[in-house]
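Residue 118 in numbering that gives the first Met the number 0 is what sits at position 119 of the sequence shown, and the numbering runs on without skipping anything. Glycine included, each C-beta is placed from N, C-alpha and C at the ideal position. Note that the coordinates shown come from a computational prediction; the quantities given were computed from them, not determined experimentally. Notes for the one structure printed next.
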Amino acid sequence: MLISRIVTALFLVAIVLGGVFSASPKVWQVGVYVAAFLALLEAVKLARVNQLVLQWFLAIVALLGLYWVAPFVTEMVYLVLTVVTLMAVFGIVIRYQITQAKQGVEGKTLILLLSFGLIALFTLALIELQQMLSAGLLLLSMAMVWAMDTGAYFFGRALGRRKLANFVSPGKSWEGVWGGALSALVLSLVGLHFLLADATLIERLILSLGLTLIALLSVFGDLFESVLKRQANLKDSGRILPGHGGILDRIDSLLVAMPLSLLLWMGFYYA
């Protein structure tokens, strides 16, 4: 199991680094859409749609719909969709915890709408960010989530006492979350110092705080997927990544972080 996890992790790192630093916009777009399709397939399964043909049909229709609609999505439309979708996701996670797992996401349709919405926003964000940012800043925007996850894991193991959301994800602690946020903050300060040297100190500090807040909020992506997996009685969203589960298990936090990162960078460059 450990060997498969390491090999898969190295493969994923190579794919991400190769895509960020070498892929043309067209190749990047194709890669993002492939990942989105795999995520859509897993989302359909989490919605407890059991017929294989229907799973593929819904995923294909959703992907084609996204590809067709993408050119017509304006900045304001994207902002509204992001706010509405994330508020719904945050609310569901909080309600699930408060009601002690008695009230989750009712109905397959709502699960599909929210899951497809998150994946669509994530897909559009990655495509737009690749054109907007340097390779280094794009990687930093994604690495904030990984720093958050890694820091939360180690701080949680060392200091974790108070449960963050025991009915959603019992392994997470408040100490881990704040440790993860500290890790993300340090990464952003160092990264922006080198990657955005032409910006003023105040601009870099504001961006750093914004990226760190996004890293904090990205935890809701992980928690939302945990709610869906608990409702579907599944340990992982899929089995495509040996030792790591499914695509959604790897990008759940990014589903929240990337749309917010796009809004942050649009505000920085275009405001």
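- Message: With three or more C-beta pairs closer than 8 Å as the rule, is the stretch 180 to 190 touching the stretch 135 to 149?
- Response: yes
- Task: Identify which residue in Val-185, Pro-169 and Leu-123 has its Cα closest to the Cα of Ala-256.
- Result: Leu-123
- Item | Which of helix, strand or coil DSSP assigns to Ala-180 | helix
- Would a C-beta distance cut-off of 9 Å place Val-48 and Leu-113 closer than the cut-off? no
- Using three-state DSSP, classify Lys-271 as helix, strand or coil. Residue 271 lies beyond the stretch modelled for the chain, which goes from 0 to 270, so this question has no answer here.
- Task: Assign Pro-169 to one of three DSSP states: helix, strand, or coil.
- Result: strand
- Query: Can you tell me whether Met-147 is buried or exposed, with buried defined as 16 or more other CB within 10 angstroms of its CB?
  - Reply: buried
- Item | For Ala-151, the three-state DSSP class (helix, strand or coil) | helix
- Message: Which residue marks the beginning of the beta strand (DSSP E) containing Ala-164, and which one marks its end?
- Response: 162 to 164
- Straight-line gap, Phe-267 to Leu-136 (C-alpha atoms, nearest Å): 13 Å
- Item | Candidates Val-92, Val-82, Gln-130 and Gly-150, of which the one nearest Leu-120 by Cα | Val-82
- Query: Just checking, does the stretch 7 to 15 make contact with the stretch 205 to 220 on the three C-beta pairs under 8 Å criterion?
  - Reply: no
- Message: Could you tell me the alpha carbon to alpha carbon distance between Ala-61 and Ala-35, rounded to whole angstroms?
- Response: 10 Å
- Would a check of beta-carbon distances place Gln-96 closer than 9 Å to chain B? Structure shown: chain B not included; a single protein chain is present.
- Query: Which ranges would you report for the alpha helix (DSSP H) in the stretch 15 to 80 if only whole runs of at least 4 residues count?
  - Reply: 24 to 45 and 51 to 68
- Query: By how many angstroms is the C-alpha of Glu-41 removed from the C-alpha of Lys-107?
  - Reply: 13 Å
- Task: Inspect the CB distances between the stretch 216 to 224 and the stretch 248 to 265 and report whether three or more fall short of 8 Å.
- Result: yes
- Query: Can you tell me whether DSSP reads Gly-244 as helix, strand or coil?
  - Reply: strand
- Could you spell out the range, first to last residue, of the alpha helix (DSSP H) harbouring Ser-114? 107 to 131
- Message: Could you tell me the alpha carbon to alpha carbon distance between Leu-37 and Ala-58, rounded to whole angstroms?
- Response: 8 Å
- Task: Sort Gln-28, Arg-4, Ile-205 and Leu-80 by Cα distance to Leu-263 and report the nearest one.
- Result: Ile-205
- Compare the Cα-Cα distances from Leu-9 to each of Ser-260, Val-226 and Pro-241 and report the closest residue. Pro-241
- Excluding sequence positions up to five away, which residues of its chain have a Cβ less than 6 Å from the Cβ of Gln-96? Ala-164, Phe-166 and Val-167
- Task: Give the single residue among Val-33, Phe-56, Trp-55 and Ile-91 whose Cα lies nearest to the Cα of Leu-125.
- Result: Val-33
- Between Ala-134 and Ala-183, is the Cβ-Cβ spacing less than 9 Å? no
- Task: Please name the residue in Ser-172, Trp-173 and Ala-180 whose C-alpha comes closest to that of Gly-150.
- Result: Ala-180
- So what does DSSP say about Val-226, is it helix, strand or coil? helix
- Task: Confirm, please, whether the CB-CB distance from Val-43 to Val-226 is below 9 Å.
- Result: no
- According to DSSP, is Leu-195 helix, strand or coil? coil
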